[in-house]
Structure formats: structure tokens, C-alpha cells
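Asks: This is the structure I want to talk about, given as C-alpha cells.
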Amino acid sequence: AKITVYPVTTQADVLALADLRYDEWIAGGDNDEPNGSPPTRFAFRMATAEIAAERSEGGARTFLARLNDDSSPSIAVGAAELSPIEFNGAETGKYITGDASSPKLYVTDVVTSSKHRRMGIANSLMDAVELCACDMCNDNDILLYLHVKRDNEPALNFYSNPKRGYAVPRSEQLKGIDVNQLEKNAGTAGQILLHKAVKCNQGKASVGTGFGGATEENANKCKAIPKKKAKRKKR
Numbered sequence: 001a002k003i004t005v006y007p008v009t010t011q012a013d014v015l016a017l018a019d020l021r022y023d024e025w026i027a028g029g030d031n032d033e034p035n036g037s038p039p040t041r042f043a044f045r046m047a048t049a050e051i052a053a054e055r056s057e058g059g060a061r062t063f064l065a066r067l068n069d070d071s072s073p074s075i076a077v078g079a080a081e082l083s084p085i086e087f088n089g090a091e092t093g094k095y096i097t098g099d100a101s102s103p104k105l106y107v108t109d110v111v112t113s114s115k116h117r118r119m120g121i122a123n124s125l126m127d128a129v130e131l132c133a134c135d136m137c138n139d140n141d142i143l144l145y146l147h148v149k150r151d152n153e154p155a156l157n158f159y160s161n162p163k164r165g166y167a168v169p170r171s172e173q174l175k176g177i178d179v180n181q182l183e184k185n186a187g188t189a190g191q192i193l194l195h196k197a198v199k200c201n202q203g204k205a206s207v208g209t210g211f212g213g214a215t216e217e218n219a220n221k222c223k224a225i226p227k228k229k230a231k232r233k234k235r
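Residue numbers (the working numbering): 1 to 235.
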């Protein structure tokens with residue numbers, strides 16, 4: 001079996017994305033609905049398609065990891081999104097010299113199948129995200145940010161391990177960023193902000209290949225995307 005990661009581009013991709021999220025977030029018990037009544041799978045599919053279209057127009061790119069087995073059709077086992085939208089209104093423009101003036105993107109909605117653990121899915125997703133981040137920003141070095149819930153120790157350990165290299169940003173790495181606005185845009189109140197500076201070199205990020213690996217061919221599907229206004233993400 002092999003893990004392949006590529007950008008979501010078709011209606012079939014969106015359907016697979018919606019079902020994966022539903023299985024892990026709703027059916028799997030991670031339901032944050034205040035009234036405790038989860039949406040139906042059909043309603044969740046419709047909402048996912050609508051939100052995905054809106055965010056795509058705003059410059060976001062979603063990635064789907066599929067498990068490929070010659071004996072059966074591939075199945076979606078992971079997803080992640082890379083987006084400039086969360087920085088709308090969160091960049092003050094008061095940059096210092098150096099890394100703080102680099103382009104910034106936000107990583108969100110990372111999910112992996114609970115039925116396919118320890119297969120390198122999350123690493124393959126993040127490899128693809130980081131490769132595509134370079135491509136979206138014309139191979140300029142890029143700053144990536146993401147939030148993690150304080151009680152999600154496995155995720156904190158994953159992002160902070162040496163292979164991934166994410167860490168709580170220092171004050172100088174937050175110059176030009178309204179952290180409170182970023183948190184509001186992302187809907188991540190009270191969560192821990194992590195950061196990584198990705199060094200891009202002729203379209204290739206300085207990251208490992210992971211299990212199955214992110215490929216340059218797939219990353220090249222993520223050409224430079226202009227920032228546009230988009231509706232805030234529904235959560």
C-alpha cells in the first residue's frame with residue numbers, strides 16, 4: 001500500500017473529503033455542536049462543498065491523502081488545508097527585516113483516519129503542504145502557522161518533533177501579525193500557535209519525503225494564488 005497526496009480538485013475529491021471529516025469529526029465523537037445534535041452526512045457534504053468553494057476562491061488549497069492498494073480502489077485517509085485567508089486583517093504591515101517579512105500561510109483542518117494509524121499519513125500530508133506552500137509563493141521562503149488544542153498532546157508532539165520543526169513563535173517572529181485577529185479568523189480561541197520557517201529552493205521545500213511522499217509533480221499543481229477576500233470559515 002502507498003500513500004499519495006494531491007490537491008482537491010474534483011467533486012469526487014470534495015465528497016471524499018466531506019466523508020472523511022464526517023467520520024472523524026462527527027461520527028467519531030468529535031462533535032462541537034452546542035446543542036449536541038450533529039448534522040446528517042448529506043447536510044455535512046453540502047456544507048463542505050459550499051465552504052470548500054468559497055475558500056478556494058479566497059486562495060486556500062485543500063489536500064487529500066489516499067491509500068492506494070492494487071487490490072481495491074483508493075480510499076481517503078487524510079486531509080489538510082493551506083490558506084492565506086486567516087491572515088486577512090491579521091497582518092499589520094509593521095514588519096522588521098528578515099524572516100518576519102516573508103509570505104505567510106496558515107495550516108488548518110488536518111485530519112487522519114483513525115482506522116489507518118502509524119502509516120505516515122500526517123507526515124505525507126505536511127510534506128505536501130510545505131512543498132505546495134513554496135509553489136504558491138513562487139518559491140520564496142515561507143512562514144507557516146497553525147494552532148493546536150492545548151490538550152492535544154499527540155498533535156503537539158507531532159508538530160514539534162525535529163522532522164516537522166514547528167515551535168511556539170518568538171516575539172520577533174510575530175512582528176507584523178495581530179495574533180488576536182489571527183486567532184479570531186481561525187476560530188481557535190485558547191489554542192497554542194505554532195510556527196515554522198520553510199526554506200524553499202527552486203520549488204522544493206527542505207523537508208523529508210514521508211511515507212509514500214509528497215511529489216514535486218503534485219506540488220506543481222499549486223501555482224501562485226493571489227489573495228482574495230473570502231467569507232470566514234464556518235466551524
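No residue lacks a Cβ here, since even glycine has one placed at the ideal position from N, Cα and C. Owing to the predicted nature of the structure, the values given are computational and were not obtained by experimental measurement.
Pull up the CB-CB distance for Leu-143 and Ser-102, whole angstroms please, since I reckon it's below 8 Å.
Replies: Contact check for Leu-143 and Ser-102: beta-carbon distance about 5 Å, within the 8 Å limit, so the pair qualifies.
Asks: Suppose contacts are defined by Cβ-Cβ distances below 8 Å. Is Leu-182 in contact with Leu-146 by that definition?
Replies: no
Asks: Taking only three categories from DSSP, how would you classify Gly-200?
Replies: First, the residue type needs correcting, since residue 200 is Cys and not Gly in the sequence shown. Here Cys-200 sits in strand by DSSP.
Asks: According to DSSP, what are the bridge partners of Lys-184?
Replies: None, per the DSSP bridge assignment.
Asks: Roughly how many angstroms separate the alpha carbons of Tyr-22 and Cys-200, rounded to a whole number?
Replies: 34 Å
Asks: Determine contact between the segment 114-126 and the segment 168-179, defined as no fewer than three beta-carbon pairs at a distance below 8 Å.
Replies: no
Asks: Could you give the C-beta distance for Val-110 and Leu-125, rounded to a whole number, given that I count them as a contact under 8 Å?
Replies: Going by Cβ atoms, the distance from Val-110 to Leu-125 rounds to 7 Å, so yes, they are a contact pair.
Asks: Going by DSSP, what residue range makes up the alpha helix (DSSP H) through Ala-167?
Replies: For Ala-167, there is no enclosing alpha helix (DSSP H), as DSSP marks it with neither H nor E.
Asks: If we ignore side chains and look at the alpha-carbon of each, how far apart do Lys-184 and Gly-58 end up?
Replies: 17 Å
Asks: Does Arg-66 come out as helix, strand or coil in the three-state DSSP assignment?
Replies: Reduced to three states, the DSSP call for Arg-66 is strand.
Asks: Report the option in Asp-127, Val-77 and Asp-13 whose CA atom is closest to the CA atom of Leu-67.
Replies: Val-77
Asks: Can you name, in chain order, every residue of its own chain whose Cβ lies under 8 Å from the Cβ of Leu-17, other than the five neighbours on each side?
Replies: Val-8, Thr-48, Ala-52, Thr-62, Leu-64, Ala-76 and Ala-79
Asks: Look up Ala-76 in the DSSP assignment and say whether it is helix, strand or coil.
Replies: strand
Asks: Keeping to the same chain, check which residues put their C-beta closer than 8 Å to that of Ala-122; ignore five residues upstream and five downstream.
Replies: Gly-78, Val-110, Thr-112 and Phe-158
Asks: In this structure, what does DSSP give as the bridge partners for Lys-2?
Replies: Asn-68
Asks: What runs of the beta strand (DSSP E), each 3 residues or longer, lie entirely inside the segment 104-163?
Replies: Runs of the beta strand (DSSP E) inside the segment 104-163: 104-112 and 142-148.
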